[in-house]
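Enquirer:
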Amino acid sequence: MIFDAQLTYALQKGLISHQLDLLVDNTDQWYYGSDRFLKNPFINRSNKDLGTSRRRNYLGLMIKSQGTSLFVGIHLIKKKHSNVPKIMHCIDRLILCGFTVRTVIGDRWFPTYELLSELNPRGIYYIGPYRKWKPIKRLIEDYLKKDTHYIQSYTLRGASKKCYHLLGNKVWLIFTNRQGRQLRDIRKDYRRKLIDLDETMNEIIVMMTTKPPPKRKKAQQGWATNICQKYDRRWQIETGFRDINRLGPPSNAHTKARKFAIRAVQYWLYNAWQIERARRRKN
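Right under this line is the structure:
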């Protein structure tokens, strides 16, 4: 209710439009409570932080429209559970409120068969990096050795037990390097044996999208650049998480409900700050 009220206010003041992109990401909150014997499905084990081996995993959802970024959802995710139903619940809520979600932008662990199968019927594109599974590594190796194109069509299929008889989702892969090196220079170095295959794999990033490229090859370069630049918007949610952590002290709440309430208030305060910034820019 509060997220929707903030969106409605921003729309009425002309700070956002009905056309928006949705950014999705996970953030961890470290758990220092006494609930250690893991009947609690919302506490995950981790080895990434000093002082504790347990954390809660939150899904954050942020819209970006007309230069304004606002959180529109927060969900606490159980371990070994999919976050796709939570993402689609948020998207359907936005659609019912009259918004058009053009693109979902996420990190490399988000593009799954389950998510793309939900986005495609709604006419929503997905943009984000893709993991270098064995088939993807073979495509990169073909690009290095056989001069194939840096834009490749690919079919993303689900797990064999659930989706064996279903059609896959057609996506397009873009091989790129985001650190200033051109792909042809990387390929030349590989063929001259200045770098080995593993080093080459580390330099090449695979971007994935469900938005089809134009047919003309000259237009495909601009299309690929636009896809990569649009992905850069995802960093707004990363900086948003850092800003949220500055809005209040860390909580040692033991219960799921209390911790969730504290976290949600931080999201609402962040939105109030962003709305005020957008209002001042406009005036």
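Residue numbers (the numbering used here): 902 to 1184.
Beta carbons: idealized from backbone N, C-alpha and C, even for Gly.
I'd like the span of the beta strand (DSSP E) that includes Pro1030, first residue to last.
Expert: Here residue 1030 is taken as the residue at index 129 of the sequence shown, counted from 1. That run of the beta strand (DSSP E) goes 1026-1030.
Enquirer: Taking all protein chains shown into account, do 16 or more other C-beta atoms lie within 10 angstroms of the C-beta of Ile988, making it buried, or fewer, making it exposed?
Expert: For this step, residue 988 is matched to residue 87 along the sequence shown. It counts as buried.
Enquirer: In terms of residues, what are the limits of the alpha helix (DSSP H) holding Phe1142?
Expert: Here the question's residue 1142 lines up with position 241 in the sequence shown. Per DSSP, Phe1142 belongs to the alpha helix (DSSP H) from 1136-1147.
Enquirer: How should Met963 be labelled, buried or exposed, when 16 other C-beta atoms within 10 angstroms of its C-beta is the threshold for buried?
Expert: Counting from 1 along the sequence shown, the entry for residue 963 is found at position 62. Flag for Met963 reads buried.
Enquirer: State the CB to CB distance for the pair Gly968 and Tyr1132, rounded to an integer number of angstroms; the pair is presumed to be in contact (CB under 8 Å).
Expert: Within the sequence shown, the letter at position 67 stands for residue 968. Within the sequence shown, the letter at position 231 stands for residue 1132. About 17 Å; that fails the 8 Å criterion.
Enquirer: Using the three-state DSSP reduction, which class does Ser918 fall into: helix, strand or coil?
Expert: As a first step, residue 918 is located in the sequence shown; it is residue number 17 there, counting from the start. For Ser918, the three-state secondary structure derived from DSSP is coil.
Enquirer: Between Tyr1091, Ile1037, Leu916, which lies nearest to Lys1183 when the distance is taken from Cα to Cα?
Expert: As a position in the sequence shown, residue 1183 is number 282, starting the count at 1. Nearest option by C-alpha distance: Leu916.
Enquirer: If you check the beta carbons only, do Asp926 and Leu977 fall under 9 Å apart?
Expert: Here residue 926 refers to the residue found at position 25 when the sequence shown is read from its first residue. Here residue 977 refers to the residue found at position 76 when the sequence shown is read from its first residue. The answer is no: Cβ separation not under 9 Å.
Enquirer: Excluding sequence positions up to five away, which residues of its chain have a Cβ less than 7 Å from the Cβ of Asp1090?
Expert: As a working mapping, residue 1090 is identified with position 189 in the sequence shown. Taken in chain order, the residues that qualify are Ile1096.
Enquirer: Mind listing, in chain order, the continuous beta strand (DSSP E) runs of no fewer than 3 residues lying wholly within the stretch 1048-1136?
Expert: Runs of the beta strand (DSSP E) lying entirely within the stretch 1048-1136, each at least 3 residues long, are 1052-1057, 1070-1077, 1106-1110 in chain order.
Enquirer: Just the Cα atoms here: how many angstroms apart are Trp1169 and Gln920?
Expert: Walking along the sequence shown from the start, residue 1169 turns up at place 268. Walking along the sequence shown from the start, residue 920 turns up at place 19. Cα-Cα distance, rounded: 21 Å.
Enquirer: What separation, rounded to the nearest whole angstrom, lies between the Cα atoms of Gly1123 and Lys1046?
Expert: Here residue 1123 corresponds to residue number 222 of the sequence shown, with the count starting at 1. Here residue 1046 corresponds to residue number 145 of the sequence shown, with the count starting at 1. Each residue's Cα considered, the two are about 25 Å apart.
Enquirer: Three or more C-beta pairs closer than 8 Å, one from the stretch 1020-1039 and one from the stretch 1102-1114: is that the case here?
Expert: yes
Enquirer: Are the Cβ atoms of Thr928 and Asn958 separated by less than 9 Å?
Expert: Indexing the sequence shown from 1 puts residue 928 at position 27. Indexing the sequence shown from 1 puts residue 958 at position 57. A Cβ-Cβ contact shorter than 9 Å links Thr928 with Asn958.
Enquirer: Please name the residue, chosen from Pro1012, Arg1009, Arg1088, Leu1020, that lies closest to Glu1042 on a Cα-to-Cα basis.
Expert: Here residue 1042 is taken as the residue at index 141 of the sequence shown, counted from 1. Among Pro1012, Arg1009, Arg1088, Leu1020, the Cα nearest to that of Glu1042 belongs to Arg1088.
Enquirer: What does a CB cutoff of less than 7 Å around Phe1161 pick up in its chain, not counting 5 residues either side in sequence?
Expert: Residue mapping note: residue 1161 aligns to position 260 of the sequence shown, counting from 1. So the qualifying residues of the chain are Leu977.
Enquirer: Lys1160 by DSSP, collapsed to three states: which one?
Expert: Position 259 of the sequence shown, counted from the first residue, corresponds to residue 1160. The answer is helix: DSSP assigns Lys1160 an H, G or I state.
Enquirer: Pop quiz: Asn998 and Leu908 are said to be a contact at Cβ under 8 Å. What is the actual Cβ separation, rounded to whole angstroms?
Expert: Stepping through the sequence shown from its first residue, residue 998 is reached at position 97. Stepping through the sequence shown from its first residue, residue 908 is reached at position 7. Before going further, note that residue 998 is Cys rather than Asn in the sequence given. Indeed, because the Cβ distance is near 7 Å, the residues count as touching under 8 Å.
Enquirer: Rounded to whole angstroms, what's the CA-CA distance from Ala911 to Ile1176? Just pull it up for me.
Expert: If you number the sequence shown from 1, residue 911 lands on position 10. If you number the sequence shown from 1, residue 1176 lands on position 275. When rounded, the distance between both Cα atoms is 7 Å.
Enquirer: What three-state label does DSSP hand Tyr933 in the structure shown?
Expert: The count along the sequence shown starts at 1 and reaches residue 933 at position 32. Tyr933: coil per DSSP, three-state reduction.
Enquirer: Any idea which residues DSSP pairs Val1005 with across the strands?
Expert: Taking the first residue of the sequence shown as 1, we reach residue 1005 at position 104. Its beta-bridge partners are Leu923, Tyr1027.
Enquirer: Are the Cβ atoms of Leu995 and Val1005 separated by less than 9 Å?
Expert: For this step, residue 995 is matched to residue 94 along the sequence shown. For this step, residue 1005 is matched to residue 104 along the sequence shown. For the pair Leu995 and Val1005, the CB atoms are not nearer than the 9 Å cut-off.
Enquirer: Is it right to say Gln1130 is buried, meaning 16 or more other beta carbons lie within 10 angstroms of its own, or is it exposed?
Expert: Counted from its first residue, the sequence shown places residue 1130 at position 229. Looking at its Cβ environment, which holds fewer than 16 other Cβ atoms inside 10 Å, Gln1130 is exposed.
Enquirer: Assuming Met902 is part of the alpha helix (DSSP H), what are its boundary residues?
Expert: Your numbering for residue 902 matches position 1 in the sequence shown. Element bounds for Met902: n/a, residue is neither H nor E.
Enquirer: Is Val1072 buried or exposed, if buried means 16 or more other CB atoms sit within 10 Å of its CB?
Expert: To locate residue 1072, count along the sequence shown from 1; it is residue 171. Label assigned to Val1072: buried.
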